[in-house]
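Structure, as C-alpha cells:
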Amino acid sequence: MHIPLLSLIIWLPIGSLFFLLLLPSSQQQIFRHITLGTALLQGLGIGLVLMHGLDDTPVERFSWMRLDLGNLGVLSVDYLVGIDGLSIGLILLSSLILTMGVIASWHIQKYIKAYFALYLLMDTLIMGSFLALDFMLFYMFFEVALLPIYCFISIWGGPRRAQAATKFLLYTLLGTIMILMVLIGLGLSVYDPVATGLHIGLFTPGETPSTAQINTVQSLVQTHAILPQDIVHSLNILLMTDAHNFIPGSAFGLLGGQFIWGQAARLMAFLGLVIGFLIKLAAVPFHSWLPDAHVEAPTPISVILAAILLKIGGYGLLRTAYNIFPEGAIYYSSGLGVLGVCAIIYAALTALAMHDLKKMIAYASIAHMGFVLLGLASLTHEGVQGALYQMVSHGLIAALLFGIVGVLQDRTQDRRIESYSGLATKMPYYSTIAVVSFFAAMGLPGFSSFIAELLVLIGVFRASSLPRWMGMVGVMGILLNAVYLIWTIQRVFFGSFSLHYPSRESALQDLRTREYILFIPLLLLIFLLGICPQLLLDLITDSASQLVTRVHTVGRENLDAIFP
Numbered sequence: 007m008h009i010p011l012l013s014l015i016i017w018l019p020i021g022s023l024f025f026l027l028l029l030p031s032s033q034q035q036i037f038r039h040i041t042l043g044t045a046l047l048q049g050l051g052i053g054l055v056l057m058h059g060l061d062d063t064p065v066e067r068f069s070w071m072r073l074d075l076g077n078l079g080v081l082s083v084d085y086l087v088g089i090d091g092l093s094i095g096l097i098l099l100s101s102l103i104l105t106m107g108v109i110a111s112w113h114i115q116k117y118i119k120a121y122f123a124l125y126l127l128m129d130t131l132i133m134g135s136f137l138a139l140d141f142m143l144f145y146m147f148f149e150v151a152l153l154p155i156y157c158f159i160s161i162w163g164g165p166r167r168a169q170a171a172t173k174f175l176l177y178t179l180l181g182t183i184m185i186l187m188v189l190i191g192l193g194l195s196v197y198d199p200v201a202t203g204l205h206i207g208l209f210t211p212g213e214t215p216s217t218a219q220i221n222t223v224q225s226l227v228q229t230h231a232i233l234p235q236d237i238v239h240s241l242n243i244l245l246m247t248d249a250h251n252f253i254p255g256s257a258f259g260l261l262g263g264q265f266i267w268g269q270a271a272r273l274m275a276f277l278g279l280v281i282g283f284l285i286k287l288a289a290v291p292f293h294s295w296l297p298d299a300h301v302e303a304p305t306p307i308s309v310i311l312a313a314i315l316l317k318i319g320g321y322g323l324l325r326t327a328y329n330i331f332p333e334g335a336i337y338y339s340s341g342l343g344v345l346g347v348c349a350i351i352y353a354a355l356t357a358l359a360m361h362d363l364k365k366m367i368a369y370a371s372i373a374h375m376g377f378v379l380l381g382l383a384s385l386t387h388e389g390v391q392g393a394l395y396q397m398v399s400h401g402l403i404a405a406l407l408f409g410i411v412g413v414l415q416d417r418t419q420d421r422r423i424e425s426y427s428g429l430a431t432k433m434p435y436y437s438t439i440a441v442v443s444f445f446a447a448m449g450l451p452g453f454s455s456f457i458a459e460l461l462v463l464i465g466v467f468r469a470s471s472l473p474r475w476m477g478m479v480g481v482m483g484i485l486l487n488a489v490y491l492i493w494t495i496q497r498v499f500f501g502s503f504s505l506h507y508p509s510r511e512s513a514l515q516d517l518r519t520r521e522y523i524l525f526i527p528l529l530l531l532i533f534l535l536g537i538c539p540q541l542l543l544d545l546i547t548d549s550a551s552q553l554v555t556r557v558h559t560v561g562r563e564n565l566d567a568i569f570p
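For this note's numbering, add 6 to where a residue sits in the sequence shown, where the first one is 1.
What follows is the structure, encoded as C-alpha cells:
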C-alpha cells in the first residue's frame, strides 16, 4: 500500500495544531514539546523520502475542486504535490530551520499557546509551498503563509511592530495581485487533455490513456473540434510546461495568443510573475519592507523570514515563470541581470551605512538574493545550480547571523554596532562563532557561500545573454560585502572592551547550552557544503539542467512563434 508521505509531511503540523488547541493554556511546556516533536517527525519523513529516492517518490494527486465556467468549460483544481531537485534543497533547509526556530522560541512567554499554534500553521504552509505542483494550491499555501508572519511581527515584535507588520503585508499583497492576475489567465488558457477526453467520452474512467490518445485530444482542441464548454481547464503546473496544453486564441495561448499594450501576453505574464516574486524575494527596488520586518520581528521569526520565506520568491520564479513561460526568461534575461547586480551593489553600500546589526544583516540578505537573481538571469547550468545552492547556503548563514544578533538583543536589548567593542574578552566562545559566521557570509573558500557565488559567477561569465561587466560587478559586490563585515568584526569583537550601557555588562554571559545547540549544527553544515558541495549538487543538478535545457530549446521555439 502506498503511503502518502509528502502529504504527511505537509499536514502533520495541522494535526498537532488541533491537538494543541484542545489543551488548556496552562500547559505551556507541552506546547513547546509538541511543536518540536512535530518538526523532528517532519524531518524524519523528509529523510525517508531521500532514502526512497526523488525519482521513485510518486506524485500525490486527487481532484479537489471543479468549478463550472459556463460557456468556457470546467476548471479542475487538483490537490497535487511532488518533489524534485528544484524543491528538495529548500525542503531540507526548511525542515532544519523550522526545527531550530522552535528551540529559539523556547524563551517566548507572551501568548505561548497562540504563538506555537501559529508556528505549526506556518510550518504546514511553508512545506506546502515547496511541494505543491498545482498553481492554485501553490498560490494558496504561500499567500496564507503571510498571515502567521504578520501576526508574529504585530504581536511579538518590537516597539514599531504595527508599522513593520502593515508594511510587510501591504508590500507582499501587491505581489499577490500580480501573481493572481496571471493565475486567472492561466486558468482560462490551460486545459487537461486527459480530463477533457474523459469529459467528452473519448476515454473511460480508470483507463490510462496512451500518448497517441492524448495527442488526439490535443489535436481536436487545436483545431477547435471540441466545443469550449466541453474543455476541462487546469492549473496543473506540469501541464503548463507543454505549449500544446494551451488553448489556441486564449490569453496565454502560443497560437493566436493575445497582446497587452503591444506586447505578447505570454511575455507580459512572465513579467507579472517576475514582479510578484521579486517582491517576495525582496529584490531591489521592491526591498524596503524587509529591513523593517527584520528589525521588529522576534529573533526566531527573523531567522525564518530570511532563511525560508525569501526563498519562496526565488523558488516561485523557477517553478512557475521559468517553467511555464521559458521564452520570457530569454527575452528579459538582461533586465533580470541588471536587477541582480543593482541589488548586490546597492545592498552592500547600504549595509556599510547601517548602525543596527539586524538591519545590516537584512541588507546583506538582499545582496545575497541579488546573486540568486544573477544566476537565474544567466540561463546557464552553472548559474541556475549556483542560484539554488545560494538559496540553501544563504538560508543557513542568515539563520546563524540573525541568531547571533539575537543573543546580544536578549542580553543587553541593544543592537547598535557602536554600542560594543572588544566583546571577545567577555564572550570568547560567542565571539569565535560570530567571527566565523561573518567569514562564511563573506564567501571565503571552505564555506558554502563560496561554492554558490563561484557557480553563479562562472555562469554569468559563460552566459551568452549577459555582458561580462555583470560578472565583474558581482566580484565587486563580494569585495564590498567583505568590507562592511570585516569592519563590523573589528569594531564589535576586537580591541579594548567597552559597552555603551555599562550597567548591562553583567548580562554579557557567554553562550548557553540552547544556543550551542542552535549554532553548532548550522556552522557544521555551512562547512560541509563548502567542502563537499556534491552532497547538494547531486540532488539539484538534474532538475536544474533540465530547466536550463528547456528554457533554451522550448523558449527559443516559443519566441520564434511569437515573433516570426
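A virtual CB, placed ideally from N, CA and C, is assigned to each residue, including glycine. Note that the structure is a prediction, hence the values are computed from the model and not measured.
Take Pro332, set aside five residues on each side of it, and the residues of its chain with a beta-carbon closer than 7 Å to its own are Arg556, Val557, Val560, Gly561 and Asn564, in chain order. By alpha-carbon distance to Arg421, the top candidate from Gly164, Asp90, Gly341 and Cys538 is Gly164. In this model, Trp112 and Ile314 are separated by some 20 Å (Cα to Cα).
By the criterion of a C-beta distance shorter than 8 Å, Thr418 is surrounded in its chain by Ser425, Leu505, Tyr507, Arg510, Ala513 and Leu514, once the five residues flanking it on both sides are discounted.
Taking a cut-off of 8 Å for Cβ pairs, the region 221 to 240 and the region 122 to 132 do not touch, as fewer than three such pairs fall below it.
Of the residues assessed, His58 falls on the exposed side of the cut-off, its CB having fewer than 16 other CB atoms within 10 angstroms. Ser371 counts as buried, since no fewer than 16 other beta carbons sit within 10 angstroms of its beta carbon. Checking the DSSP bridge columns, you'll see Ala138 partnered with Val87.
Taking 4 residues as the minimum length, the alpha helix (DSSP H) runs contained wholly in the region 270 to 309 are 271 to 287 and 295 to 302, in order along the chain. In this structure, the CA atom of Leu402 is about 26 Å from the CA atom of Ile118.
Taking a cut-off of 8 Å on C-beta distances, the region 36 to 55 does not touch the region 149 to 169, as fewer than three cross pairs fall below it.
If you check the CB distance, Gln169 and Pro199 do not come in under 8 Å. Pairing Tyr395 with Ser384, the inter-Cα distance amounts to about 15 Å. In the DSSP secondary-structure assignment, Glu459 is not bridged to any residue. Put simply, the backbone Cα of Gln34 is about 14 Å away from that of Ile109. Ala275 sits away from Phe408, with the two beta carbons spaced by 8 Å or more.
Runs of the beta strand (DSSP E) spanning 3 or more residues and lying entirely within the region 44 to 128 occur at 66 to 74 and 80 to 87, in chain order.
Listed as beta-bridge partners of Val238 by DSSP are Val80. Across the structure, Leu86 and Pro254 are spaced so that their CA atoms are roughly 25 Å apart.
If you look at Gln552, you'll find it in the alpha helix (DSSP H) that goes Gln540 to Ile568. No Cβ-Cβ contact shorter than 8 Å links Leu244 with Leu75. Under the three-state reduction of DSSP output, Asp416 falls in the helix class.
The Cβ atoms of Gly392 and Phe453 lie no closer than 8 Å to each other.
Judged by their CB atoms, Arg518 and Ser427 are not nearer to each other than the 8 Å cut-off. For Phe24, the uninterrupted alpha helix (DSSP H) run begins and ends at Leu11 to Leu28, by DSSP. Here Met71 is exposed, its C-beta having fewer than 16 other C-beta atoms within 10 Å. Comparing alpha-carbon positions, the option among Gly334, Tyr352 and Ile546 lying closest to Asp566 turns out to be Gly334.
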